[in-house]
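S.K.: So that we are looking at the same thing, I have put the structure below in structure tokens.
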């Protein structure tokens with residue numbers, strides 16, 4: 375990291391992250407979409423840096439974006455910040471109503487897909503079944519939205535051929551969902567009842583700046599297996 | 179024949195429920211902007227066809243219907259209001275970093291403070307003595323972070339009333355109810371928040387959007403009865 379005068383720091387962008395975190399990847403996708411250069415700092419979950427703890431004292435979590443020395447936390451807040459600060463390649467729609475719709479879907483995804491799948495990962499039995507049921511219902515809504523918005527000409531929720539806000543927010547599903555299903559021992563994804571969604575996931579995987587960031591599945595499985603076992607206090611089961 | 183241009187009237191309808199903290203936020207935002215709107219009271223036990231049509235996914239209030247188009251989720255509605263009627267009383271700061279901070283704190287309030295208030299509410303209903311005391315203590319810890327963030331500023335955003343202020347004020351109505359119910363006061367631990375809440379109440383947008391404390395307390399007692407709690 376460059377030391378020296380404040381002028382040297384002008385425009386400096388730093389991202390604190392964990393390799394396995396889908397929330398961190400979202401921010402990376404937003405930065406890459408805009409063509410923004412950034413320094414990536416890999417944090418140690420068991421030994422968080424002073425920088426992380428002082429930049430995000432409230433939640434002590436990644437991702438944290440530090441721009442010109444100013445820290446911003448929470449992936450969705452960071453993405454909006456990025457979109458408002460760098461004007462090229464817009465992420466959110468310009469029209470206020472369309473923006474509200476994009477934010478609505480991002481919120482829906484967080485509440486009904488992202489949160490429950492994390493809970494399903496670290497639960498079992500009846501508790502897990504409840505979450506899986508919630509997830510299946512949510513996926514019906516997602517498939518409905520995919521059917522309504524996507525076709526052969528419109529590959530992404532962002533419209534046209536470019537990814538937008540909703541794609542970035544939901545994009546983690548293209549890699550992490552199967553991983554968490556495998557580790558958690560449940561199934562939510564179903565190509566038969568979710569054909570449009572599966573088409574969308576396949577397209578997301580091929581977006582060049584997303585493709586290069588996807589971690590190998592085995593590596594993610596190993597990591598999340600550890601997380602699940604740790605939370606459930608289970609014995610290693612090969 | 180000259181046909182005079184007719185200005186399209188803005189039609190703003192708010193589907194609401196008077197004790198809802200989320201509804202209160204939107205009322206404050208609309209009033210800050212000086213907007214005329216029609217408030218429709220929903221019966222949550224018998225939701226109107228309009229509500230079910232306008233918010234089919236969550237079936238919740240508040241829903242803003244602007245010229246026939248629905249917007250749901252209070253934080254999203256408030257930002258929409260700010261972006262459409264941007265020439266008057268900005269609710270969010272113009273600087274992107276300040277906006278990010280405002281969104282961060284609004285998110286914190288909605289998740290952590292709401293969660294804790296909900297749990298506290300549950301604890302106040304169902305527990306007594308030590309457990310209740312522990313619940314109150316936890317809640318204060320979360321509020322203290324807000325007290326720190328406010329510091330000596332008149333409002334969370336600085337000189338001007340805004341997004342974070344209108345997000346937090348509705349919780350204070352409910353906090354007041356719990357204070358009456360359990361003789362629990364945050365005055366000692368969070369004096370700055372108390373001063374801030376009084377300052378906010380002096381604004382017409384806030385005082386006309388928040389329900390009367392006694393009325394809200396009455397509603398709280400009703401809820402208790404329905405849940406069979408003494």
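Residue numbers (the numbering used here), protein chains in the order written: chain A, 375 to 612; chain B, 179 to 408. Here a beta-carbon is modelled for each residue, glycine too, at the ideal position from N, C-alpha and C.
1. Pull up the DSSP beta-bridge partners for residue 249(B), would you.
2. Taking 7 Å as the threshold (beta carbon to beta carbon), is residue 258(B) in contact with chain A?
3. Against residue 235(B), what residues of chain A qualify as contacts under a CB-to-CB distance less than 7 Å, listed in chain order?
4. Using a beta-carbon distance below 7 Å, is residue 387(A) in contact with chain B?
5. Spatial neighbours of residue 541(A) within its chain, please: C-beta separation below 6 Å, excluding the five flanking residues on both sides.
6. Could you tell me the distance, in whole angstroms, from the CA atom of residue 405(A) to the CA atom of residue 462(A)?
7. For a contact defined as C-beta to C-beta under 8 Å, what are the partners of residue 490(A) on chain B?
8. Please report how far the alpha carbon of residue 342(B) lies from the alpha carbon of residue 455(A), in whole angstroms.
9. Does any residue of chain B bring its CB to less than 7 Å from the CB of residue 458(A)?
10. Assuming residue 240(B) and residue 262(B) are in contact, meaning their beta carbons sit under 8 Å apart, how far apart are those beta carbons, in whole angstroms?
11. Where residue 438(A) and residue 392(A) are concerned, what is the direct C-alpha to C-alpha distance, given to the nearest angstrom?
12. For residue 384(B), name the three-state secondary structure that DSSP assigns.
13. Check the Cβ-Cβ distances between residue 380(A) and every residue of chain B, and say whether any is below 7 Å.
14. For residue 571(A) versus residue 520(A), is the C-beta distance shorter than 7 Å?
15. Give, in chain order, every residue of the region 359 to 391 of chain B whose Cβ lies closer than 8 Å to some Cβ of chain A.
16. Check whether the region 254 to 273 of chain B and the region 423 to 437 of chain A are in contact - that is, three or more C-beta pairs closer than 8 Å.
17. Which chain A residues are close to residue 261(B), counting only those with a beta carbon under 9 Å from its beta carbon?
18. Do residue 496(A) and residue 579(A) come within 7 Å of each other at the CB atom, strictly closer than that value?
19. Can you tell me the Cα-Cα spacing of residue 202(B) and residue 346(B), whole angstroms?
20. Taking the alpha-carbon positions, what's the residue 376(B) to residue 232(B) distance?
21. Using Cβ-Cβ distances below 7 Å, what residues of the region 281 to 307 of chain B are close to chain A?
22. Could you say which of 402(A), 487(A) and 423(A) lies nearest to residue 457(A) if we only look at CA atoms?
23. Taking Cβ-Cβ distances below 7 Å as the criterion, which residues of the region 491 to 513 of chain A are in contact with chain B?
24. Does chain B have any CB closer than 7 Å to the CB of residue 383(A)?
25. Thinking residue 370(B) and residue 325(B) are a contact (beta carbons under 8 Å), I'd like their distance in whole angstroms, please.
26. Straight-line CA distance for residue 383(A) to residue 420(A)?
27. Return the CA-CA distance between residue 466(A) and residue 435(A), expressed in angstroms with no decimal places.
28. Considering Cα atoms alone, identify which of 460(A), 577(A) and 399(A) is closest to residue 449(A).
29. Counting only the same chain and skipping the five closest in sequence on each side, list residues whose C-beta sits under 6 Å from that of residue 317(B).
30. Cutting at 7 Å between CB atoms, please list the residues of its own chain near residue 323(B), excluding the five before and the five after it.
31. By how many angstroms is the C-alpha of residue 219(B) removed from the C-alpha of residue 247(B)?
32. So the alpha helix (DSSP H) residue 441(A) belongs to, where does it begin and stop?
33. For residue 287(B), which residues of its own chain have a beta-carbon under 6 Å away from its beta-carbon, when the five flanking residues on both sides are left out?
34. Could you confirm whether any beta carbon from chain B is found closer than 7 Å to the beta carbon of residue 430(A)?
35. Residues of the region 572 to 594 of chain A in Cβ contact with chain B at a cutoff of 7 Å, in chain order, please.
36. Whose Cβ in chain A lies nearer than 7 Å to the Cβ of residue 247(B)?
M.R.: The structure says:
1. In the DSSP assignment, the residues bridged to residue 249(B) are 242(B).
2. yes
3. The answer, in chain order, is 482 and 515.
4. No, no contact with chain B.
5. Excluding positions up to five away in sequence, the list reads 530, 531 and 532.
6. Roughly 11 Å separates the two Cα atoms.
7. Near residue 490(A) there are no residues of chain B at all, since even the closest Cβ is about 15 Å away, more than 8 Å.
8. 17 Å
9. yes
10. Between residue 262(B) and residue 240(B) the Cβ distance is about 16 Å, and since that is not below 8 Å, they are no contact.
11. 11 Å
12. helix
13. Confidence at residue 380(A) is low in this model, with a pLDDT of 35, below 50, so its placement is unreliable and no value can be given for it.
14. yes
15. none
16. Flag = no, the region 254 to 273 of chain B and the region 423 to 437 of chain A do not touch.
17. 470, 473 and 474
18. no
19. Rounded to the nearest angstrom, the gap between the Cα atoms of residue 202(B) and residue 346(B) is 10 Å.
20. 35 Å
21. 281, 282, 285 and 286
22. 402(A)
23. none
24. At residue 383(A) the pLDDT is 37, less than 50, meaning the model places this residue with poor confidence; the figure from the coordinates comes in the next sentence. So, not an interface residue.
25. 5 Å
26. Confidence at residue 383(A) is low in this model, with a pLDDT of 37, below 50, so the placement of that residue is unreliable and no value is reported for it.
27. 24 Å
28. The option with the nearest alpha carbon to residue 449(A) is 399(A).
29. 294 and 298
30. none
31. C-alpha of residue 247(B) to C-alpha of residue 219(B): approximately 18 Å in a straight line.
32. No alpha helix (DSSP H) contains residue 441(A), which is instead part of the beta strand (DSSP E) from 438 to 441.
33. 345 and 346
34. no
35. none
36. 471
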